[in-house]
Amino acid sequence: MATHDATARASSTVPPRQRERWIDLIRGTAILLVIANHAIDVPMHIADITPGTVIDDITLYFAPFRMTSLMLLSGLLLPRALAKPPRRYYASKLRTLAWPYVVWLVIFWIATSNPTEWMRPDGWATRSWLWFILCLFLSYLAAPLLTRIPTPWFALVPTTLWLLSTVAPDGTLFDLSYYSGFFFAGYLIARTQHLLRRFDTTPVMVLLLIGSSVFAALLVLQEHGLTLTSPATPGTNDDGAIERFDLIWVPVVLAGITGTALLARRIRGTLDGHREPAPSRFLQHIGRNSVVFYLIHYPLQIVLVKLLAAAGITEQPIVMSACIIAALAVSFGAVALRRRSRVVNALFVFPQRATPVPR
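Following UniProt numbering, the numbering of the sequence shown begins with 1 at its first residue and continues without gaps.
Have a look at this one:
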């Protein structure tokens, strides 16, 4: 009886196939923002190139939402993954998350000239851009056990994780607790979407977007020395600056992600039956192949910045633009080559005989 209920629950919460297009739209946008953000951070840390373009403000504006949305959307699709037999479920996560994590960790060590990093036990729990892959993998590992908790009590899972993030030290433990909270919040949304449909209205969407936009705008303003909060404001530090990872801001971040999801669904709805605009196709292509774009861009930008700095090219707009363009170009090329080369495909998923390459 319990098995039948679990199966019925999973099938009832799996998002319809047509929703994947709006999910890809958000994923593609988030990945593009990640690439742009690292195109600013990598030159700053490697070549001491000071940021100062409008792109910096844009990436800061969306900073609270880009990685949290990627985690939440993964959780939203978790019921579909859990519908697989346990052996197939775990094998899939080992092939698509654990394997590329190890492969690209080695590539990262080479790109950063640390070929002996594997000798250090803590070197395998990286804080580089691969933290996201590690966090996803561990969340998926825990999901079959945690999702046995009945729906009325399941809200305690993300809440407990967010509470743990307030005492977790900076590093892997913080990332795991804070961002996994959004992963399981996404699963909770999938589980209760029949109750949440009543809030799928334009006024609610606008309210959520306005509230989260004010929060994001305050983050940008305080970066320019225009702090409008004070030390007495909840969720701020001793200087009155907003601490965006503070627990009090989690509902605001959730509001921003939810408002964006409602907007993306409406945008996709207006495009159905019409020719897809180029920007939408562009973002959805990135979203469908998000793992390729995510894995490639960071070590590529590191190598590129080193080469440009060695050539005496340190102008911030030039280096930043080169990092973005190179990351996109190489990633698009890798996506195309995956369909033709087992070697290239093996960079992103463990080789398996007679398995079609994702398109």
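Just so you know, even glycine gets a beta-carbon here, dropped at the ideal spot from N, CA and C.
At a Cβ-Cβ threshold of 9 Å, residue 327 and residue 39 count as neighbours. Note on residue 324: 16 or more other CB atoms within 10 angstroms of its CB, so buried under the neighbour-count rule. Nearest neighbour of residue 222 by Cα position, chosen from 139, 102, 236, turns out to be 236.
Listed as beta-bridge partners of residue 236 by DSSP are 242. In this structure, residue 32 lies away from residue 262, with their beta-carbon atoms at least 9 Å apart.
The DSSP-derived three-state label of residue 28 is helix. When DSSP states are grouped into helix, strand and coil, residue 229 belongs to the coil group. Around the beta carbon of residue 153, a 10 Å sphere encloses fewer than 16 other beta carbons of the protein chains shown; the residue is thus reported as exposed. Of the residues 207, 69, 87, the one whose Cα lies closest to the Cα of residue 184 is 69. Collapsing the DSSP output to three states places residue 86 in a helix. Residue 104 places its beta carbon less than 9 Å from that of residue 130. Here residue 212 is buried, its C-beta having at least 16 other C-beta atoms within 10 Å. Remark: C-beta atoms of residue 189 and residue 25 do not approach each other more closely than 9 Å.
Excluding the 5 residues flanking it on each side, residue 187 has same chain C-beta neighbours closer than 6 Å at 75, 78, in chain order. Classified as exposed, residue 278 has fewer than 16 neighbouring CB atoms from the shown chains inside 10 Å of its CB. Between the beta-carbon of residue 305 and that of residue 319 there is about 6 Å, and that keeps the pair under the 8 Å contact cut. For residue 239, the closest C-alpha among the options 230, 245, 246 is that of 230. By alpha-carbon distance to residue 316, the top candidate from 35, 41, 29 is 41. Residue 193 sits in a helix when the DSSP states are folded into three classes.
For residue 223, the enclosing alpha helix (DSSP H) covers residues 202-223. Going by beta carbons, residue 43 and residue 258 fall outside the 9 Å limit. A contact is defined here as three or more CB-CB pairs under 8 Å, and the segment 79-91 meets this definition with respect to the segment 139-152.
Around the Cβ of residue 272, a 10 Å sphere holds fewer than 16 other Cβ atoms; the residue is exposed. Nearest to residue 106 by C-alpha distance, out of 352, 334, 295, is 295. Taking the C-beta atoms as reference points, residue 249 is found no nearer than 9 Å to residue 199. Here residue 60 has 219, 220, 223 as same chain residues with Cβ atoms under 7 Å from its own Cβ, once five neighbours each way along the sequence are excluded.
Shortest Cα-Cα distance from residue 161 to any of 171, 175, 150 involves 175. Ranked by Cα distance from residue 346, the options 322, 100, 51 are led by 100. Distance from residue 98 to residue 172 at the Cβ level is roughly 15 Å; contact not present, criterion being Cβ atoms closer than 8 Å.
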